[in-house]
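*Asks:* One structure, pasted below without further comment.
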Amino acid sequence: PETLRQIPQSKISHYHIDDACLEKEPGTQTDPDRVMPGDGQIDLKAEVQILKEIGYDKTVSLELFNADWWKRDPEETLRLGLVRMKELFEA
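Structural data, given as C-alpha cells:
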C-alpha cells in the first residue's frame, strides 16, 4: 500500500479492486488467481484509506478474472461485489 501513496492522485485515472488468493505467494499469482475483495491476502482497507488520503475521487471498479466467478450467476456476483466494495469505501 505504501507504493500507492507515492503516486500523485492526478496520475490515477481508474482503480481496479480485487484480492489475491490465499493459496499462492503474491509474486507467483496471475490474473485468474484474483478473488473477490475480502477473500484474499491484500490489505484492501489500507489501500482504500490511502486513496482517500491522497484525494482520489474517480472511478473504482471490481476486477475479477477468476473463471470460477464467471460461472456463477452474474447478479449474485454483482450483489456480493457491491457489498464488498461498500464495506471498503464506506468504512
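Numbering (my numbering), first residue to last: 427 to 517.
Heads up, the beta-carbon is just placed ideally off N, CA and C, and yes, glycines get one too.
(1) Within the same chain, show all residues whose beta-carbon is closer than 6 Å to that of C447, passing over the 5 residues directly before and after it, in chain order.
(2) For T456, does the three-state DSSP call read helix, strand or coil?
(3) Between the region 447 to 457 and the region 503 to 517, are three or more C-beta pairs nearer than 8 Å?
(4) For G464 versus E513, is the C-beta spacing smaller than 8 Å?
(5) With respect to the beta strand (DSSP E) encompassing I443, which residues constitute its N-terminal and C-terminal limits?
*Replies:* Taking the definition as stated:
(1) Here residue 447 is taken as the residue at index 21 of the sequence shown, counted from 1. These residues qualify, in order along the chain: D459, V461, G466.
(2) Indexing the sequence shown from 1 puts residue 456 at position 30. The answer is coil: DSSP assigns T456 none of H, G, I, E or B.
(3) They do not touch, by the three-pair rule.
(4) To locate residue 464, count along the sequence shown from 1; it is residue 38. To locate residue 513, count along the sequence shown from 1; it is residue 87. For the pair G464 and E513, the CB atoms are nearer than the 8 Å cut-off.
(5) The residue labelled residue 443 in the question sits at position 17 within the sequence shown. Looking at the DSSP string, the run of the beta strand (DSSP E) that includes I443 is 440 to 443.
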